[in-house]
Structures are given as structure tokens and as C-alpha cells.
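Chemist: In our numbering, the protein residues as written are 38 to 192. Just so you know, even glycine gets a beta-carbon here, dropped at the ideal spot from N, CA and C. Just so you know, these numbers come straight off a predicted model, no measurement behind them.
(1) Thinking C-alpha only, which one of 115, 147 and 131 is nearest residue 90?
(2) From residue 127 to residue 182, what does the alpha carbon distance come to, in whole angstroms?
(3) In this structure, does DSSP put residue 131 in helix, strand or coil?
(4) Just to confirm the assignment, what range does the alpha helix (DSSP H) spanning residue 164 have?
(5) Where do the N-terminal and C-terminal ends of the beta strand (DSSP E) with residue 111 fall, by residue?
(6) Just list the residues that DSSP pairs residue 116 with in beta bridges.
(7) Can you tell me where the beta strand (DSSP E) holding residue 143 begins and where it ends?
(8) Does the distance from the CB of residue 99 to the CB of residue 136 come in under 8 angstroms?
(9) Output needed for residue 194: all residues of its chain with C-beta closer than 8 angstroms, excluding positions within five of it in sequence on either side, in chain order.
(10) With a 10 Å radius around its C-beta and 16 neighbouring C-beta atoms as the bar for buried, classify residue 187 as buried or exposed.
(11) Are the CB atoms of residue 95 and residue 114 within a distance shorter than 8 angstroms?
(12) Have a look at 69, 170, 191 and 41 and flag the residue whose alpha-carbon is nearest the alpha-carbon of residue 116.
(13) Nearest by alpha-carbon distance to residue 162: which of 155, 178, 154 and 107 is it?
(14) So is residue 134 buried or exposed if we call it buried at 16+ other beta carbons inside 10 Å?
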């Protein structure tokens, strides 16, 4: 029984290690699978409570740049002076980030409050690292996140 448990733990550790390496190297196949899992499993599970008071995550409401359709995407906004930073683990090529960049605005619901945000800009990690809490810096380093979306609160 002990040998089986050790074998399972080693297999899980190896799989986790391979996942982290693949994400750090920006493997398109792995990132596509993670995005699909996120879209079809995590988003429906997280969206109902995202942005409510006391939760670390939030929701960004944005409009499709070609369809004009309204979308709600769960994110983890980091409040900074005058706005928010949002990690872009799959780079700025994700649809929600491209939609916000094209529109120049969005609405973020965070900690129970709605914030209209404007002036989106993709920022390199080195430019925003000092603004991030330690947990976000660790996550950015582990997964080799190179880009963040910076938005400013309107008015």
C-alpha cells in the first residue's frame, strides 16, 4: 500500500512538473488545452461568485470587437493606485484582452463594486512587478508570465 501511494505521489509530482515547464515555455498545445478547460469548466464554476465581496477574483465585462456581443470573463484583478493590473498568463492574444484593448474600456466587478475602466495597456512584468503582492509575483515567476493588462478607473 505504501509503495502504491509513493508511486501515485511521484506520478502526480511528475505531471505537475511537466505542466509547469510546458506553461513556462508557452507550449501552444498545453496553453490551448488549459484555455479550453478554463473556458468550459472553470469559467462556469467561478463566474457566479466572481467579483463578490471578499473574493479574490473578479469579472471583466467587455464587448466583442467584431460581434459586438457582451462577454463576462473571470479574472484576478490586482488593485493598484488609480486602477487594476490583470495577469495575462496566455499573453495578450486572448480574446478578452484584445476586446478590451480594441474598445479602450471595460467594466470590472471586484470585491462587490463595479468599476468602469479605461486606457488599457499591455505592460511587461518588469514594469509592474513592484506593484504586485508577493503571491502574484510568485505566480508570475512560476508560470513565466511576461505580460499584464493595466487599466485605469474612469472619472
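Modeler: A quick look at the data gives this:
(1) The candidate whose alpha carbon is nearest that of residue 90 is 147.
(2) For residue 127 and residue 182, the distance between alpha carbons rounds to 8 angstroms.
(3) The answer is coil: DSSP assigns residue 131 none of H, G, I, E or B.
(4) Per DSSP, the unbroken alpha helix (DSSP H) holding residue 164 starts and ends at 162 to 165.
(5) It spans 107 to 112 - the beta strand (DSSP E) in which residue 111 sits, taken as one unbroken run.
(6) Per DSSP, 121.
(7) Looking at the DSSP string, the run of the beta strand (DSSP E) that includes residue 143 is 142 to 147.
(8) Between residue 99 and residue 136, the gap from beta carbon to beta carbon is short of 8 angstroms.
(9) What is shown of the chain runs 38 to 192, which leaves residue 194 out entirely.
(10) Per the 10 Å Cβ criterion, buried.
(11) Closer than 8 angstroms, so yes.
(12) Considering only alpha carbons, the answer is 170.
(13) It is 178 whose Cα lies nearest to the Cα of residue 162.
(14) With 16 or more other Cβ atoms from the protein chains shown falling within 10 Å of its own Cβ, residue 134 counts as buried.
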